[in-house]
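Undergrad: Numbering (the UniProt record's numbering), first residue to last: 1 to 410. Just so you know, even glycine gets a beta-carbon here, dropped at the ideal spot from N, CA and C.
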Amino acid sequence: MNKEVKRLLLAVKYSIPYALSLKLLSFTGRIEQTSQRHKYCIFSFPWLDFSLKCCWTICFLLFFFFFFPQGLWSKVVELWRKVLQEGKGNTLVVYKNSEVCISVTTSAACEKLERDRNELQVAYEGYLQKLNQKHNDDLAEVEEKLKQFYTAECEKLRSICIEEAEKYKAQLQEQVDNLNTTHESFKLELENRHSEKVEELKKEYESSFSELKSTHESERKSLEDSFKEKQELLEKKIDELKSENNSLSEKLKLEEQKQIAKEKANLKNPQIMYLEQELESLKAVLEIKNEKLHQQDIKLMKMEKLVENNTILMDKLKKVQQENEELKARMDKHMELSRQLSTEQAVLQESLEKESKVNKRLSMENEELLWKLHNGDLCSPRKLSPSSSSVPLQSPRNSGNFSSPAVSPR
Numbered sequence: 001m002n003k004e005v006k007r008l009l010l011a012v013k014y015s016i017p018y019a020l021s022l023k024l025l026s027f028t029g030r031i032e033q034t035s036q037r038h039k040y041c042i043f044s045f046p047w048l049d050f051s052l053k054c055c056w057t058i059c060f061l062l063f064f065f066f067f068f069p070q071g072l073w074s075k076v077v078e079l080w081r082k083v084l085q086e087g088k089g090n091t092l093v094v095y096k097n098s099e100v101c102i103s104v105t106t107s108a109a110c111e112k113l114e115r116d117r118n119e120l121q122v123a124y125e126g127y128l129q130k131l132n133q134k135h136n137d138d139l140a141e142v143e144e145k146l147k148q149f150y151t152a153e154c155e156k157l158r159s160i161c162i163e164e165a166e167k168y169k170a171q172l173q174e175q176v177d178n179l180n181t182t183h184e185s186f187k188l189e190l191e192n193r194h195s196e197k198v199e200e201l202k203k204e205y206e207s208s209f210s211e212l213k214s215t216h217e218s219e220r221k222s223l224e225d226s227f228k229e230k231q232e233l234l235e236k237k238i239d240e241l242k243s244e245n246n247s248l249s250e251k252l253k254l255e256e257q258k259q260i261a262k263e264k265a266n267l268k269n270p271q272i273m274y275l276e277q278e279l280e281s282l283k284a285v286l287e288i289k290n291e292k293l294h295q296q297d298i299k300l301m302k303m304e305k306l307v308e309n310n311t312i313l314m315d316k317l318k319k320v321q322q323e324n325e326e327l328k329a330r331m332d333k334h335m336e337l338s339r340q341l342s343t344e345q346a347v348l349q350e351s352l353e354k355e356s357k358v359n360k361r362l363s364m365e366n367e368e369l370l371w372k373l374h375n376g377d378l379c380s381p382r383k384l385s386p387s388s389s390s391v392p393l394q395s396p397r398n399s400g401n402f403s404s405p406a407v408s409p410r
C-alpha cells in the first residue's frame, strides 16, 4: 500500500512538466478561440496558428532540456518504466531523443486508490469513535473522582469553618462584654457632663436674657425721653413763630395807618404821594419777603435736624427689634435644647432604672448562690484545707459585696 502511494506521488511530481505543456497548449487554444471571434486578427490564418503552436512546444522542450539536470531524466524514465511494468492497462509513451516521460494513470489504479482511501476512512472513523468513547469514559471517571474529592474537601472545610465560627463567637462575646462595661462607664460620664452643660446653658441663658432685657428697657426709655424733649422744643418753636407772626401783622397794620395819614397830609402833591407810596410799598414787600425767607431757612434747618434725628431713631429701633428677634430665636433654640436634653435625661433615667433592677436581681442571685455554697460546705463531711479555713466565710447579708454595685439613679 505504501509503495503504491509513493509511486503515485512520484508520478505526480514528475508529470508536472507535462501538465505545464498542456497548459501552454490550452493557452494557445484560447488564443485561437479569441482569434475566431475577431475577424481581422492574425490568428485567423491557419498557417500562423500552426507555427505558433510549434514555437510554444519547442521553447518549452528547450527550457526543460537545458535547465533540468540530465541525471534526473534517466531516473524518471526508469521509475516510470518500473511503474508501468508492475501496473496493468497502463500506457507509456517515451521519446528517446528528448528523454521526456509522459505517463497517464489508468482507471484501475484510480479505483484501487479510491478503495484504499475508503478503507482508510472507515478505519479512521472507527478509531475516532473508539477514542471518543474512551474519552467520554475517562471524563466520567474523572468527574466522579472530582465529585468525591470535592465532597470530602467541602466537609473538611465545613468542619473547619464551624470550629472557627465558634472561636470567633466566643471572642465576639468577650468583646461584647467588654464593650458593655465600657459603655456603662462612658454613659455615666456622659450623663454627668450633660447635666453640667445643661446647668451652665441655663445660667448663661438667664444672665444673657436679663442683660438684654435691661439694655432694651434702658434704650427704650432713653428714646422716649429724647422724643418727648424734641417734641416740646418743636411746640415751643411753633409758639414763638406764632407770636412773631402776630407782632409782624400788628406792625403791618401800624404802617398802613401811617401811610394813610401821610396820604391825607400829602394830597396836594399827587405825584410825590404816588412815588412815596410805591417806595414804601416796595420797602414793605422787601422786608416781608426777607423775613419770610429767613423764617423759611430756619424752618428748613429745623426740619433737616428733625429728619436726621428721626432716621437715627428709626435705625436704633430697627437694631433693637433685630436684637430682640435674635434673642427670641436664641430663647427658642435654648428651649428646644432643654426639651431634647430633658427627653434624653428621661430615657437615660429609664435605662438606669432598668440596669439597677438587673443589678439588684443579679445581686440577689449571687447572694442565693453564696448561701447555697456556704450551706453545702458546712454540710459536707470532708475536711477543710488550710487555705480554705484561713478565709472567713461570709454571711448572706455581707454577700452583697461580691455583686456589682447598683448604679444610683440620678
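Any idea if glutamate 200 is buried or exposed, counting beta-carbon neighbours within 10 angstroms, 16 or more meaning buried?
TA: In the sequence shown, counting from the first residue as 1, residue 200 sits at position 200. Glutamate 200 is exposed by the Cβ-count criterion.
Undergrad: Applying the criterion that 16 or more other CB atoms from any shown protein chain within 10 Å of the CB defines a buried residue, is histidine 235 buried or exposed?
TA: By 1-based counting over the sequence shown, the position of residue 235 is 235. Inspection of the sequence shows that residue 235 is occupied by glutamate rather than by histidine. Exposed, by the Cβ-count rule.
Undergrad: To which residues of the same chain is glutamate 219 closer than 8 Å at the C-beta, ignoring the five residues directly before and after it?
TA: On the sequence shown, residue 219 is found 219 positions in, with the first residue counted as 1. Excluding positions up to five away in sequence, the list reads Lys316, Val320.
Undergrad: I need the straight-line Cα distance from lysine 251 to lysine 283, nearest angstrom please.
TA: The residue labelled residue 251 in the question sits at position 251 within the sequence shown. The residue labelled residue 283 in the question sits at position 283 within the sequence shown. For lysine 251 and lysine 283, the distance between alpha carbons rounds to 14 Å.
Undergrad: Determine the burial state of glutamate 353: buried for a count of at least 16 other Cβ atoms within 10 Å of its Cβ, exposed for fewer.
TA: Position 353 of the sequence shown, counted from the first residue, corresponds to residue 353. By the neighbour-count rule (16 or more Cβ atoms within 10 Å), glutamate 353 is not buried but exposed.
Undergrad: Give the single residue among Lys230, Tyr124, Val176 whose Cα lies nearest to the Cα of asparagine 310.
TA: The count along the sequence shown starts at 1 and reaches residue 310 at position 310. Closest by alpha carbon: Lys230.
Undergrad: Suppose you measure from the CA of residue 421 to the CA of leucine 300; what does that come to, to the nearest Å?
TA: Since the first residue of the chain shown is 1 and the last is 410, residue 421 is not available in this structure.
Undergrad: Skipping 5 residues on each side, what residues in its chain have a beta carbon closer than 8 Å to that of glutamate 308?
TA: Within the sequence shown, numbered from 1, the residue matching residue 308 stands at position 308. Closer than 8 Å at Cβ, skipping near neighbours: no residue.
Undergrad: Hey, how far is the Cα of alanine 108 from the Cα of lysine 134?
TA: For the purposes of this step, residue 108 is taken as residue 108 along the sequence shown, with counting starting at 1. For the purposes of this step, residue 134 is taken as residue 134 along the sequence shown, with counting starting at 1. If you take the alpha carbons of alanine 108 and lysine 134, they lie about 39 Å apart.
Undergrad: Since I believe glutamine 277 is in contact with glutamine 259 (beta carbons under 8 Å), could you give me their beta-carbon distance rounded to a whole number of angstroms?
TA: On the sequence shown, position 259 is the one that residue 259 refers to. On the sequence shown, position 277 is the one that residue 277 refers to. The pair is a contact, with the Cβ atoms about 7 Å apart (cut-off 8 Å).
Undergrad: If you drop the 5 nearest sequence neighbours on each side, which residues of the same chain put their C-beta closer than 7 Å to that of glutamate 326?
TA: The residue you call residue 326 lines up with position 326 of the sequence shown. Contacts found: none.
Undergrad: Less than 8 Å between the CB atoms is what I'm expecting for lysine 302 and lysine 237, so what's the real figure, rounded?
TA: Here residue 302 corresponds to residue number 302 of the sequence shown, with the count starting at 1. Here residue 237 corresponds to residue number 237 of the sequence shown, with the count starting at 1. About 7 Å separates the two Cβ atoms, so the contact holds.
Undergrad: Is it the case that the segment 357-370 contacts the segment 204-213, given that we only count it when at least three CB pairs across the two stretches are under 8 Å?
TA: Segments in contact, no.
Undergrad: Would you be able to state if there are at least three C-beta pairs under 8 Å between the segment 338-345 and the segment 184-200?
TA: Result yes; three or more Cβ-Cβ pairs closer than 8 Å.
Undergrad: Given this structure, state the Cα-to-Cα distance separating serine 385 from isoleucine 160, to the nearest angstrom.
TA: Against the sequence shown, residue 385 aligns to sequence position 385. Against the sequence shown, residue 160 aligns to sequence position 160. Summary for serine 385: the model assigns pLDDT 40, below 50, so the residue's position carries little reliability, and this model does not support an answer.
Undergrad: CA-CA distance, serine 285 and leucine 254?
TA: Position 285 of the sequence shown, counted from the start, is the residue given in the question as residue 285. Position 254 of the sequence shown, counted from the start, is the residue given in the question as residue 254. Before going further, note that residue 285 is valine rather than serine in the sequence given. Rounded to whole angstroms, valine 285 to leucine 254 spans 15 Å at the Cα level.
Undergrad: Excluding sequence positions up to five away, which residues of its chain have a Cβ less than 8 Å from the Cβ of leucine 313?
TA: Residue 313 sits at position 313 when you count from the first residue of the sequence shown. Same-chain partners within the cutoff: Leu223, Ser226, Phe227.
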